[in-house]
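For the sequence shown, this note's numbering gives the first residue as 1050, with consecutive numbering after it.
See below for the structure under consideration.
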Amino acid sequence: MSALAAPNEVVTRALLRQVNVPGLDRPAALITLDNGFDHTKPNTFGPGGLASLDEAITAALAADPAFIAVTGKPYIFCVGADIVGLPQLADRAQALEIGRLGHRVFARLKDSTVPTFAFVNGAAMGGGLELALHCHYRTLSGGAAALALPEVSLGLVPGWGGTQLLPNLIGIPAATQVIIQNPLMQNKMLKPKQAAELGIADVLLEPADFLERSLEWAAGVVRGQVTVTRPEVDKDMWAGVLYFARETLNQRLHGAVPAAYKALDLLETAKDGDFAAGTAAEDEALADLVFSEELRSGLYAFDLVQRRAKRPAGAPDKGLARTITKVGIVGAGLMASQLALLFARRLQVPVVMTDLDQSRVDKGVGYVHTQIEKAVTKGRMDKGTAAKLYGLVSGTVDKSAFADADFVIEAVFEDLGVKKQVWAELEKIVSLEAVLATNTSSLSITEMAAELEHPERVVGFHFFNPVAVLPLLEIVRGERTDDATLATAFAVGKQLKKSSVLVKDAPAFVVNRLLTRFLGTVFAAVDQGTSLDVANTALDPLGLPMRPLALLQLVGPAVAYHVGGTLHTAYPDRFGVSENLRRIADSGRPIVVDDQIDEEVAKLLVVGDQPLTAEQVRQNALDALAQEVRLMLDEGVVAEAQDIDLCMILGAGWPFHLGGVTPYLDRTGTSERVTGQRFLPRGAASLPA
1050 MSALAAPNEV VTRALLRQVN VPGLDRPAAL ITLDNGFDHT KPNTFGPGGL
1100 ASLDEAITAA LAADPAFIAV TGKPYIFCVG ADIVGLPQLA DRAQALEIGR
1150 LGHRVFARLK DSTVPTFAFV NGAAMGGGLE LALHCHYRTL SGGAAALALP
1200 EVSLGLVPGW GGTQLLPNLI GIPAATQVII QNPLMQNKML KPKQAAELGI
1250 ADVLLEPADF LERSLEWAAG VVRGQVTVTR PEVDKDMWAG VLYFARETLN
1300 QRLHGAVPAA YKALDLLETA KDGDFAAGTA AEDEALADLV FSEELRSGLY
1350 AFDLVQRRAK RPAGAPDKGL ARTITKVGIV GAGLMASQLA LLFARRLQVP
1400 VVMTDLDQSR VDKGVGYVHT QIEKAVTKGR MDKGTAAKLY GLVSGTVDKS
1450 AFADADFVIE AVFEDLGVKK QVWAELEKIV SLEAVLATNT SSLSITEMAA
1500 ELEHPERVVG FHFFNPVAVL PLLEIVRGER TDDATLATAF AVGKQLKKSS
1550 VLVKDAPAFV VNRLLTRFLG TVFAAVDQGT SLDVANTALD PLGLPMRPLA
1600 LLQLVGPAVA YHVGGTLHTA YPDRFGVSEN LRRIADSGRP IVVDDQIDEE
1650 VAKLLVVGDQ PLTAEQVRQN ALDALAQEVR LMLDEGVVAE AQDIDLCMIL
1700 GAGWPFHLGG VTPYLDRTGT SERVTGQRFL PRGAASLPA
């Protein structure tokens, strides 16, 4: 144990007490995991925490209890290994030892002759969920906020029995979904009902009296009055499911995430049910991955999302923020309608939309009502909440409805003249304290507000589509935006449950500027004569969420052409204007269909005779990103490189294994070759020197 001592570990104590349960002839042993902090600092397992659990199990068994149960502190069961300590491991031998220690302690619950139960009262992720899987039985609270095995998203594998126990409990198709698919889908969590339906829990109980009901249920199992039945796992489909999963990974990641492939190998090992061999393989996989660049990038990205996103750099004193009692939205198109629903749900205040005619207004309000109805039908919203939201969202063609709005956001056509006209008209209607926010994706906030009497209350509030899914909010400070306006924008962003990043008023801000440079470089290769197929697949080794042409289609060729034009005007030496992109936009045809290039689109292109190889296209794109990131940092578009990475992760879905963008540029040597320096010090998002 001494070799594994973690000086900075926040130790989760395993607190043992004896509990008398009606109907049993002797007390039960209840172990409560608690690190001494509230739910904002979840329980985790480092060497000290595992040692405490080991001691508690020993003491529990010595008391000859009716059963042993493990539960957590309020709202939290355990969220897994203390990943902060992983970079402190000095060598592979230590990594092996931490894996073996977790296996040894958890196995005591699995191998116990006394019945063992996990009372999963709250969030259970990673090693926390694996601890529960080692118990003979599991109860689950309907109030548990997050249930997952997210390790693959970080660059690890479930290394404390998860890859061996889960598939043999719920079957290989569901286990593959939980261990590989969900982590790669922006780390999707299971809700309690889903986990129970999959068979991860034996019974789902109400949160209000969860512990009491769990004890009663466990007593029923011990007395033989409650019979737990689990479906037999079909081993015949094992190979087929894993083959399909591997093919899917190849198509999507192209080998870019070693942890996902390691997890597949471990799931294959689990088929034979040799638990000792399977957990030994987990130990070896964990030791390999702990010393990988992908893991270090993943841990860096995790820290950005969990910590930096909650404390935005440069945000003013939150005490300056104004209270919002009504929201106005200019526009009733798709983006505006998504915003209306989001503001109503999160702020619980009246939201009014306006547009040029009543039919557009009715369509926008109708969209909101349809989405509410779908949420009720799918069980995601109760009828009472739905009725309240129906009453909060309204529409009108009369902008005087904004007279008492505290926060007005526009989502109209991306044209500076149109937006300036909107604000000039609205400034005569709204109160002097009202914040005027624009959802522009590329235009200057300063220019937009230049002719207003009070330009200090105009702020950029750039959402990403789909609004309900992507968590990033770029908050843009114009040259005259004041602190009160900015503080209000950050407060509203927090209420909307978005991760806000402060951005300087520069063309296209962060995400759109980088993606436009990136896509522009790829499309420039097409203009030179590179085939669409080569250009589209050139970035596959990065394991990006979308290939370039699929991303272009999602953004929309017309929108991409427009934003590209804005950036060309600002930076003509780096952002070109592709006539081929204009031709595609004018045609209205999709570029790709089922991941295949549309042949008719290919015929529209007028190209040169200097095609590039895939490697050249890829390196040109990376070089362009490195140059643009350095320029953005030099210009002060954001405070630090970490903010650029946070934007790319949360706004563009760039994966954790890249660390966003700058760790990968550092790792490949691109940063130093193009800009003469790294973006991050060695060891910050990579292995130490």
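Note that CB positions come from ideal geometry on N, CA and C, so glycine has one too.
Since the model is a prediction, treat every value here as computed from it, not as a measurement.
| Check | Outcome |
| --- | --- |
| Going straight from the alpha carbon of Ser1101 to that of Phe1340, what length do you get? | 27 Å |
| What's the call for Gln1213, buried or exposed, on a 16-neighbour Cβ count within 10 Å? | buried |
| Whole-angstrom Cβ separation of Asp1658 and Gly1578, contact assumed at under 8 Å? | 5 Å |
| Report, in whole angstroms, the separation of the C-beta atoms of Ser1190 and Pro1256, which I expect to be a contact under 8 Å. | 5 Å |
| To the nearest angstrom, how far is the alpha carbon of Asp1411 from that of Leu1492? | 28 Å |
| Less than 8 Å between C-beta atoms, sequence neighbours within five positions excluded: which residues of the same chain meet that for Asp1160? | none |
| Put Lys1733 into one of helix, strand or coil per three-state DSSP. | Note that residue 1733 is Ala in the sequence shown, not Lys. Correct three-state label for Ala1733: coil. |
| Which whole-angstrom value is the C-beta distance of Asp1589 and His1303, which I expect to be below 8 Å? | 4 Å |
| Counting pairs of beta carbons, one from the segment 1220-1227 and one from the segment 1157-1172, are three or more of them closer than 8 Å? | no |
| Exposed or buried, which one is Met1286 when buried takes at least 16 other CB atoms within 10 Å? | exposed |
| When every heavy atom of the ligand SAH is checked, does at least one fall within less than 7 Å of the C-beta of Met1595? | With respect to small molecules bound, the structure shown includes none, and the ligand SAH cannot be examined in it. |
| At 3 residues or longer, what runs of the beta strand (DSSP E) sit wholly inside the segment 1375-1426? | 1376-1379 and 1400-1403 |
| Count the other CB atoms within 10 Å of the CB of Pro1737; is the residue buried (16 or more) or exposed (fewer)? | exposed |
| Give the secondary structure of Ser1051 by DSSP, where H, G and I count as helix, E and B as strand, and everything else as coil. | Because Ser1051 sits at a pLDDT of 41, beneath the cut-off of 50, its placement in the model cannot be relied upon, and the point is left open. |
| Alpha carbon to alpha carbon, how far is Val1119 from Val1128? | 14 Å |
| Nearest to Leu1674 by alpha carbon, out of Thr1565, Leu1338 and Thr1445? | Thr1565 |
| Taking the beta carbon of Gln1726 as the centre, do at least 16 other beta carbons fall within 10 Å, making it buried, or is it exposed? | exposed |
| Can you give the beta carbon distance from Ala1574 to Asn1669, rounded, assuming they're within the 8 Å contact cut? | 7 Å |
| If you measure between the beta carbons of Ala1557 and Leu1616, is that distance less than 8 Å? | yes |
| Here's a check: name, in chain order, each residue in its chain whose Cβ is nearer than 6 Å to the Cβ of Ala1004, leaving out the five neighbours to either side. | No information on residue 1004 is available, as it lies outside the stretch 1050 to 1738 that the chain covers here. |
| Just to check my reading of the structure: Ala1452 and Ile1478 have Cβ atoms closer than 8 Å, yes? What is that Cβ distance to the nearest angstrom? | 6 Å |
| For Pro1232 and Ala1312, I'd like the C-alpha separation in whole angstroms. | 12 Å |
| Measuring CB atoms only, is the segment 1232-1246 touching the segment 1191-1199, in the sense that at least three cross pairs come out at less than 8 Å? | yes |
| Assuming Gly1708 and Tyr1349 are in contact, meaning their beta carbons sit under 8 Å apart, how far apart are those beta carbons, in whole angstroms? | 5 Å |
| In the DSSP assignment, find the beta strand (DSSP E) that holds Glu1058 and state where it starts and stops. | Taken as a continuous stretch (DSSP letters only), Glu1058 belongs to no beta strand (DSSP E), as it is neither H nor E. |
| Of the residues Asp1332, Ala1498, Ala1268 and Leu1551, which one's Cα is nearest the Cα of Leu1521? | Leu1551 |
| Which residue from Ser1202, His1503 and Glu1058 puts its Cα closest to that of Leu1099? | Glu1058 |
| Under a three-way DSSP split, which group does Gly1718 fall into? | coil |
| Can you look up Lys1553 in the DSSP assignment and give me helix, strand or coil? | strand |
| Measuring only the C-alpha atoms, how far is Leu1178 from Leu1316? | 17 Å |
| Can you give the Cα-Cα distance for Pro1114 and Gly1322, rounded to whole angstroms? | 29 Å |
| For Pro1660 versus Ser1580, is the C-beta spacing smaller than 8 Å? | yes |
| Quick check on the burial criterion: 16 or more other C-beta atoms within 10 angstroms. Buried or exposed for Phe1293? | exposed |
| Can you name the residues that DSSP bridges to Phe1510? | Ile1524 |
| Would you kindly work out how many angstroms separate the C-alpha atoms of Val1678 and Thr1089, rounded to a whole number? | 33 Å |
| Along the chain, where does the alpha helix (DSSP H) containing Gly1134 start, and where does it finish? | Looking at the DSSP string, Gly1134 is not in any alpha helix (DSSP H), and its letter there is neither H nor E. |
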